[in-house]
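Participant:
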Amino acid sequence: MKKEKEKRTKRSKPAPAPQYYTSAVNIPVRNYEVYYLSAGEKILYFLLAFAAGGAVAYLFYGGVGKNEFGEATTVTWIWNVSIIMICGLICGRVYLPIRAGQLMRKRKAALANQFRDLLDALSTLLGSGANIQTAFFDAYDDLSMRYMEGEDILKELANINAGIRRNIDIGALIRDFGNRSGIDDIKSFADVFEICGRSGNYREVIRSTHHIISDKMAVEMDIETSMSAAKMEQNMMSVMPVILVALIKISSPEFSANFSTVTGIISTTVAVILFVAAALIAKAIMNIKV
Numbered sequence: 001m002k003k004e005k006e007k008r009t010k011r012s013k014p015a016p017a018p019q020y021y022t023s024a025v026n027i028p029v030r031n032y033e034v035y036y037l038s039a040g041e042k043i044l045y046f047l048l049a050f051a052a053g054g055a056v057a058y059l060f061y062g063g064v065g066k067n068e069f070g071e072a073t074t075v076t077w078i079w080n081v082s083i084i085m086i087c088g089l090i091c092g093r094v095y096l097p098i099r100a101g102q103l104m105r106k107r108k109a110a111l112a113n114q115f116r117d118l119l120d121a122l123s124t125l126l127g128s129g130a131n132i133q134t135a136f137f138d139a140y141d142d143l144s145m146r147y148m149e150g151e152d153i154l155k156e157l158a159n160i161n162a163g164i165r166r167n168i169d170i171g172a173l174i175r176d177f178g179n180r181s182g183i184d185d186i187k188s189f190a191d192v193f194e195i196c197g198r199s200g201n202y203r204e205v206i207r208s209t210h211h212i213i214s215d216k217m218a219v220e221m222d223i224e225t226s227m228s229a230a231k232m233e234q235n236m237m238s239v240m241p242v243i244l245v246a247l248i249k250i251s252s253p254e255f256s257a258n259f260s261t262v263t264g265i266i267s268t269t270v271a272v273i274l275f276v277a278a279a280l281i282a283k284a285i286m287n288i289k290v
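Taking this note's numbering, the leading residue of the sequence shown gets 1, the next gets one more, and so forth.
In structure tokens, the structure reads:
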């Protein structure tokens, strides 16, 4: 019975989302809703988090088990190695998905900026008299001069242009792009493009969408600029406890011995929990979205 339950649990576990899909023209296209770290990235970020977590753990909890003369004993060495390894491994394990999420959001933000440039190019080309198919072909050449080969927007344009050559509906191609990107602006553009494009008024659709997205990004940039000082202060406050404890242990070894007592360990743990909670709350408060 236990084996059957284990098999059912394994079967019911959802499979991870794929990093790439196959488009309507049999081209691998990216799923922007996920970010899988490469082996090199996993090793690098794990080691960085391990080193940072181990160092902070040693700073706050190191030195337990010293004798009456303040000399390290075997218990001290075992304790120090244990807390460095345990906290380092926990920090490394926790940081990897956090870093993957950061890189995913960074990639989506870059794609949103690139999409705005695409709308700018399309609006200019349609304004000069090109039809919608020619505008997409020429937009690829235009953006190729702005971005390095391999950028996401160039890959997406190549996929759209390949679909146009095979007489696949442009609206469906943009719809697929929007769904995979997870970016509301691209999804909204796909909706408007499919509805208003039936009348052939692509120029107005693209022009208005470009105007809206540009205004939205300008507002986001203004908010980011106004919040930059507050975010810097919040980051400084987050590392201030580490700096203060380090200064105390360097300047006053006798006083820092209190950190190694049972009361000191409990007090330090409570303080660390409070500081982490405060940092998370401050980050959530300053995470303003337009």
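The C-beta atom is built at its ideal place from N, Cα and C for all residues, glycine as well. Owing to the predicted nature of the structure, the values given are computational and were not obtained by experimental measurement.
1. In angstroms, rounded to a whole number, what distance separates the CA positions of E254 and S267?
2. Whose C-alpha, out of G63, V56, P16, L37, is nearest the C-alpha of L299?
3. Spatial neighbours of P18 within its chain, please: C-beta separation below 7 Å, excluding the five flanking residues on both sides.
4. Expressed to the nearest angstrom, what Euclidean distance is found between the alpha-carbon atoms of A246 and Y61?
5. Whose CA, out of F115, S128, G129, lies closest to the CA of Y140?
6. Would you kindly work out how many angstroms separate the C-alpha atoms of K249 and I153, rounded to a whole number?
7. Taking its Cβ as the centre, do 16 or more other Cβ atoms sit within 10 Å of L122, making it buried, or is it exposed?
8. Along the chain, where does the beta strand (DSSP E) that runs through Y302 open and close?
9. Is R30 helix, strand or coil by DSSP?
10. What are the boundary residues of the alpha helix (DSSP H) that K113 is part of?
11. Nearest to N26 by alpha carbon, out of S226, N159, E149?
12. Which class does S181 belong to by DSSP, given the choice of helix, strand or coil?
Facilitator: This is what the structure gives:
1. The residue labelled residue 254 in the question sits at position 254 within the sequence shown. The residue labelled residue 267 in the question sits at position 267 within the sequence shown. CA-to-CA, the gap between E254 and S267 works out to about 18 Å.
2. Because the chain here runs from 1 to 290, residue 299 falls outside it and cannot be looked at.
3. Translated into positions along the sequence shown, residue 18 becomes position 18. Correct list, in chain order: N31.
4. Looking up residue 246 in the sequence shown gives position 246. Looking up residue 61 in the sequence shown gives position 61. Note on geometry: alpha-carbon atoms of A246 and Y61 lie some 12 Å from one another.
5. Here the question's residue 140 lines up with position 140 in the sequence shown. Answer by Cα proximity: F115.
6. Working through the sequence shown from its first residue, we reach residue 249 at position 249. Working through the sequence shown from its first residue, we reach residue 153 at position 153. Looking at the two C-alpha atoms, the distance is approximately 52 Å.
7. The sequence position of residue 122 within the sequence shown is 122, counting from 1. Taking a 10 Å sphere around the C-beta of L122, we find 16 or more other C-beta atoms and assign the residue as buried.
8. Absent from the model: residue 302. The displayed extent of the chain is 1 to 290, so no value can be given.
9. Taking the sequence shown and counting its residues from 1, one reaches residue 30 at position 30. In the three-state reduction of the DSSP assignment, R30 falls in the strand class, which pools E and B.
10. The residue labelled residue 113 in the question sits at position 113 within the sequence shown. With the sequence shown as reference, residue 113 is identified as Asn, and Lys is not the correct amino acid for it. Counting along the chain, the alpha helix (DSSP H) containing N113 begins and ends at 74-127.
11. Indexing the sequence shown from 1 puts residue 26 at position 26. Nearest C-alpha to N26: N159.
12. Reading the sequence shown from its first residue, position 181 is the one you call residue 181. The three-state secondary structure of S181, taken from DSSP, is helix.
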